[in-house]
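Chemist: One structure is given below, represented as structure tokens, and several questions about it will come after.
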Amino acid sequence: MCTLHPEEEAHLMAMASGGQPTRTGSPRPMVTASSAAPRSLFDVCWDDVLIPQVAVYLSLKDLFNLRCCSRTAQRFVEAALEKRQELHLSGNNTQNIDVAFRVLARCCQRLEVLHLACCRWLTDELLLPLLANNKKRLWAVNLNECINITALSLQPIIVECKELRVLKLSKCQWLTTGAVDALTLHQSKLVEFDISYCGAIGERCLIIFFRKLNKLTVLSLANTPSVTDQVLIQIGNYCRELEHINLIGCAAISDYGVHALTSSCPLLQSLMVQRCPLVTERVLAPLRGRVHIDRPGMGYMPTVQHHRLFLQV
Numbered sequence: 001m002c003t004l005h006p007e008e009e010a011h012l013m014a015m016a017s018g019g020q021p022t023r024t025g026s027p028r029p030m031v032t033a034s035s036a037a038p039r040s041l042f043d044v045c046w047d048d049v050l051i052p053q054v055a056v057y058l059s060l061k062d063l064f065n066l067r068c069c070s071r072t073a074q075r076f077v078e079a080a081l082e083k084r085q086e087l088h089l090s091g092n093n094t095q096n097i098d099v100a101f102r103v104l105a106r107c108c109q110r111l112e113v114l115h116l117a118c119c120r121w122l123t124d125e126l127l128l129p130l131l132a133n134n135k136k137r138l139w140a141v142n143l144n145e146c147i148n149i150t151a152l153s154l155q156p157i158i159v160e161c162k163e164l165r166v167l168k169l170s171k172c173q174w175l176t177t178g179a180v181d182a183l184t185l186h187q188s189k190l191v192e193f194d195i196s197y198c199g200a201i202g203e204r205c206l207i208i209f210f211r212k213l214n215k216l217t218v219l220s221l222a223n224t225p226s227v228t229d230q231v232l233i234q235i236g237n238y239c240r241e242l243e244h245i246n247l248i249g250c251a252a253i254s255d256y257g258v259h260a261l262t263s264s265c266p267l268l269q270s271l272m273v274q275r276c277p278l279v280t281e282r283v284l285a286p287l288r289g290r291v292h293i294d295r296p297g298m299g300y301m302p303t304v305q306h307h308r309l310f311l312q313v
């Protein structure tokens, strides 16, 4: 009859009882769920699971509420903000939003899209740190109606955001001819540009600008006094990929400039010319059916004089 050594006997007893033997041969008690250390959500891998699969679905309000729960939650939220690619705060003028924005400016490192339209609290002091941390990746910036910043904030966007494709500066009265000249010098990849209601920019500045920015597909020049027929001719000559243009309230343009523009832009899909008194159905009627126009048709019938006018363009 075979006899077992004491160590073997202890091992079998440990296996039978669900424990593991120790070096001394006595069985180690089995770890149960009740005796294990407590686990939390933050024990799940952040980089592989929580941030890409959970944090991306939380709003900024949700993230800041979570941030207040504990030190671990604070670290998690700041790690999530560091990887965030889009920031949408347009129209958000809630109390203490400037305090939250300082946290965003410090934590966000990989932003590609930045929407801050109509943020009355936004200043150069708040915006510049955010731009400094994200200038390499930004391709879309919306600063429409940001009335309390200056051209100083535009400098890093113009000079250092090499991937910039979309820039919106509607109703930014601080936008100067010098800033547009700098845009002409440093940016050539813009596909969408909005300078509506920017009255400080001159006609000559715009003419030079559109000679360089020949990749534009969406352009808004609404209520910009310096937009003339000569500007439209330059747009037609150089921006052949243009699809949408907003000329609402550009009182200086006429049929001549609109015809030069539309005949040179075969991809044009929409033309907005409300409150342009010198633009008539003589030029708009032939476009209807091919181009969306924001003014209703007036049943205009072309005449011989109409054809002669455009043969001269």
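Numbers 1 to 313, taken from my numbering, label the letters of the sequence shown in order. Using N, Cα and C, we set each Cβ at its ideal position, and we do this for glycine too.
Just the Cα atoms here: how many angstroms apart are R295 and R275?
Modeler: Your numbering for residue 295 matches position 295 in the sequence shown. Your numbering for residue 275 matches position 275 in the sequence shown. In a straight line, the C-alpha of R295 is about 9 Å away from that of R275.
Chemist: Taking C-alpha atoms, which residue in Q187, G199, D124, N144 lies nearest to G91?
Modeler: For this step, residue 91 is matched to residue 91 along the sequence shown. Among Q187, G199, D124, N144, the Cα nearest to that of G91 is on N144.
Chemist: Between the C-alpha atoms of I207 and L130, what's the straight-line distance to the nearest angstrom?
Modeler: Within the sequence shown, numbered from 1, the residue matching residue 207 stands at position 207. Within the sequence shown, numbered from 1, the residue matching residue 130 stands at position 130. Near 32 Å, if we compare the C-alpha coordinates of L130 and I207.
Chemist: Short of 7 Å in beta carbon distance, which residues of its chain neighbour L152, apart from the five on each side in sequence? Order them along the chain.
Modeler: As a working mapping, residue 152 is identified with position 152 in the sequence shown. Apart from sequence neighbours up to five positions away, the residues of its chain that approach L152 with a beta-carbon distance below 7 Å are D124, ordered along the chain.
Chemist: Do A117 and N148 count as a contact pair if the criterion is CB distance below 8 Å?
Modeler: The sequence position of residue 148 within the sequence shown is 148, counting from 1. The sequence position of residue 117 within the sequence shown is 117, counting from 1. No.
Chemist: Work out the CA separation of L271 and A260 for me, nearest whole Å.
Modeler: Residue numbering aside, residue 260 sits at position 260 when the sequence shown is read from its first letter. Residue numbering aside, residue 271 sits at position 271 when the sequence shown is read from its first letter. Taking the straight line joining both Cα atoms gives about 13 Å.
Chemist: E82 and C107: beta carbons closer than 8 Å?
Modeler: If you number the sequence shown from 1, residue 82 lands on position 82. If you number the sequence shown from 1, residue 107 lands on position 107. Cβ atoms of E82 and C107: closer than 8 Å.
Chemist: Please list the terminal residues of the continuous alpha helix (DSSP H) segment that includes K61.
Modeler: Working through the sequence shown from its first residue, we reach residue 61 at position 61. Looking at the DSSP string, the run of the alpha helix (DSSP H) that includes K61 is 60-67.
Chemist: Name the DSSP beta bridge partners of E78, please?
Modeler: On the sequence shown, position 78 is the one that residue 78 refers to. For E78, no pairing in a beta bridge is given by DSSP.
Chemist: Counting only the same chain and skipping the five closest in sequence on each side, list residues whose C-beta sits under 6 Å from that of T72.
Modeler: The residue labelled residue 72 in the question sits at position 72 within the sequence shown. Answer for T72: F42, listed in chain order.
Chemist: Which of the three DSSP states is assigned to L131 in this structure?
Modeler: Within the sequence shown, numbered from 1, the residue matching residue 131 stands at position 131. In the structure shown, L131 sits in a helix (DSSP, three-state: H, G or I).
Chemist: Under 8 Å, do L219 and I245 count as touching if we go by C-beta distance?
Modeler: As a working note, residue 219 is residue 219 in the sequence shown. As a working note, residue 245 is residue 245 in the sequence shown. Contact flag set, yes.
Chemist: Determine the closest residue to R211 out of C198, G199, P225, K189, with distance taken between C-alpha atoms.
Modeler: Numbered from its first residue, the sequence shown carries residue 211 at position 211. Among C198, G199, P225, K189, the Cα nearest to that of R211 is on K189.
Chemist: Can you find the residues in the same chain that come closer than 6 Å, C-beta to C-beta, to A55, ignoring five residues on each side of it along the sequence?
Modeler: Counted from its first residue, the sequence shown places residue 55 at position 55. If we look at A55 and ignore the five residues flanking it on each side, its Cβ neighbours are A80.
Chemist: For R137 versus E160, is the C-beta distance shorter than 8 Å?
Modeler: As a working mapping, residue 137 is identified with position 137 in the sequence shown. As a working mapping, residue 160 is identified with position 160 in the sequence shown. Cβ atoms of R137 and E160: not closer than 8 Å.
Chemist: Which residues in the same chain have their Cβ closer than 7 Å to the Cβ of F64, if we skip the five residues on either side of it in sequence?
Modeler: For the purposes of this step, residue 64 is taken as residue 64 along the sequence shown, with counting starting at 1. In chain order, A100 place their CB closer than 7 Å to the CB of F64, counting only its own chain and leaving out the 5 sequence neighbours on each side.
Chemist: Going by other Cβ atoms of all chains shown within 10 Å of its Cβ, with 16 needed for buried, is R23 buried or exposed?
Modeler: Along the sequence shown, one-based indexing puts residue 23 at 23. Reliability of the predicted coordinates at R23 is poor, the pLDDT of 47 falling under 50, and the value obtained from them is presented with this limitation in mind. So R23 counts as exposed.
Chemist: Which whole runs of the beta strand (DSSP E) in the region 205-230 are 3 residues long or more, in chain order?
Modeler: 218-220
Chemist: Taking the alpha carbon of C172 as the reference point, which residue from N223, E203, E163 has its own alpha carbon closest?
Modeler: Here residue 172 is taken as the residue at index 172 of the sequence shown, counted from 1. Considering only N223, E203, E163, the residue with the shortest C-alpha distance to C172 is N223.
Chemist: In the DSSP output, what is L167 paired with across the bridge?
Modeler: If you number the sequence shown from 1, residue 167 lands on position 167. In the DSSP output, where bridge partners are listed per residue, L167 has V141, F193.
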